[in-house]
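First residue of the sequence shown: 1, per this note's numbering; consecutive thereafter.
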Amino acid sequence: KEMQARNARNKSRSTTGHYAFASPSKGVSPWYPSSPRWFHDEAIRRATFAKMGPNARMVTMMMGQAHTMHNQSVRYKLLNTHMRQAGPDALVTLAQFESAVHDAGLVVGCALAPKSQSTAPPPKLGKNARKKQKQQQQQQQQQQQQSTTTTTTTPSPVVEIKKTYRDWMTLWNQSGHMYQEMRAPEEWPCPCQTMRVFCDREGCGQLCNSVCLCEEAYCSPECLSQDWHNHRHVCMAVHENNELAQTVHQLSWTV
Numbered sequence: 001k002e003m004q005a006r007n008a009r010n011k012s013r014s015t016t017g018h019y020a021f022a023s024p025s026k027g028v029s030p031w032y033p034s035s036p037r038w039f040h041d042e043a044i045r046r047a048t049f050a051k052m053g054p055n056a057r058m059v060t061m062m063m064g065q066a067h068t069m070h071n072q073s074v075r076y077k078l079l080n081t082h083m084r085q086a087g088p089d090a091l092v093t094l095a096q097f098e099s100a101v102h103d104a105g106l107v108v109g110c111a112l113a114p115k116s117q118s119t120a121p122p123p124k125l126g127k128n129a130r131k132k133q134k135q136q137q138q139q140q141q142q143q144q145q146q147s148t149t150t151t152t153t154t155p156s157p158v159v160e161i162k163k164t165y166r167d168w169m170t171l172w173n174q175s176g177h178m179y180q181e182m183r184a185p186e187e188w189p190c191p192c193q194t195m196r197v198f199c200d201r202e203g204c205g206q207l208c209n210s211v212c213l214c215e216e217a218y219c220s221p222e223c224l225s226q227d228w229h230n231h232r233h234v235c236m237a238v239h240e241n242n243e244l245a246q247t248v249h250q251l252s253w254t255v
């Protein structure tokens, strides 16, 4: 009965056009030229909430969760774009990996730094043992002085370790550290209105800032329409689980 009621509700929305959410035979989800603007534009947010009437109070209550989900989606898209642009087999240094992670609003911290070894106090030695240890240290110092006078040592070049993005991420996860998110907007102003990520349609490869209603990247309505048979199940699930936010997305483009 619950499934029948859900199907009837989706069918009524597709026929009335209340959410512009049609079945695959009648149309696809709306396409927008950029990410939802109401997240970071106060004027658009107020005008959108004014159109919602009594539902505006509920939207205000869920704003924190909606912002968190939106920022997490943007972070993932940016990091995934860096990885795809570099290529699956491209080798990068730790500094380059940290730079890509930082652009995505994340911090590696000290997760990949070498772990400091705890130094235990030296064991207590007897008088004879201390004397023998001192003689050994003196002999080692004399041998080092002789070797430095006879041969000149050239410092070995420092070789930076390089790994693929996947290998760095695996090492990061194995170290037991979670992603540390930079606070938005104080430390990381969300670049959702200006960023360019890859279109989700397989085989397209176009960089874009336009999105479907569920915020998945599609460079054009044509790409969204061609990929609708693969994307519609995800889009319907996102809309069903976060119906109120999807309604605000659509209303924000009418103000």
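Virtual Cβ for every residue (Gly too), placed ideally from N, Cα, C.
Spatial neighbours of residue 56 in its own chain (CB-CB distance under 6 Å, excluding positions within 5 residues in sequence) are listed in chain order as 49. Secondary structure at residue 187: coil, using DSSP grouped into helix, strand and coil. If one requires a minimum length of 4 residues, the alpha helix (DSSP H) runs lying completely within the region 45–94 are 55–61 and 63–86, in chain order. Residue 237 sits exposed, since fewer than 16 C-beta atoms from the chains shown fall within 10 Å of its C-beta.
Residue state for residue 165 is assigned as helix, using DSSP reduced to three classes. DSSP places residue 243 inside the alpha helix (DSSP H), whose first and last residues are 243–252. Close CB contacts of residue 106 within its chain, under the 8 Å cut and outside five residues either way in sequence, are with 75, 79, 179, 180, 181 and 182 (chain order). Apart from sequence neighbours up to five positions away, the residues of its chain that approach residue 108 with a beta-carbon distance below 6 Å are 98 and 101, ordered along the chain. Annotation for residue 193: no alpha helix (DSSP H) segment contains it, and DSSP assigns it neither H nor E. With distances taken between CA atoms, residue 62 lies nearest to 242 out of 242, 252, 253 and 251. Residues 48 and 51 of the same chain have their beta carbon placed closer than 6 Å to that of residue 251, with the five preceding and five following residues left out of the count. A contact is defined here as three or more CB-CB pairs under 8 Å, and the region 183–191 fails this definition with respect to the region 127–146. At the C-beta level, residue 29 and residue 211 stay beyond 8 Å of one another. In the DSSP secondary-structure assignment, residue 217 is bridged to 211. In the three-state scheme derived from DSSP, where H, G and I count as helix and E and B as strand, residue 180 is classed as strand.
In the three-state DSSP reduction, residue 238 falls in the helix class (H, G or I). Residue 162 has its alpha-carbon roughly 38 Å from the corresponding atom of residue 40.
In terms of Cβ geometry, residue 213 and residue 174 do not form a close pair [threshold 8 Å]. Scanning its chain for C-beta atoms nearer than 7 Å, with the 5 sequence neighbours on each side dropped, one finds around residue 223 the residues 199, 201 and 204, in chain order. Taking 8 Å as the cut-off, the Cβ atoms of residue 103 and residue 82 count as close. DSSP lists 212 as the bridge partner or partners of residue 31.
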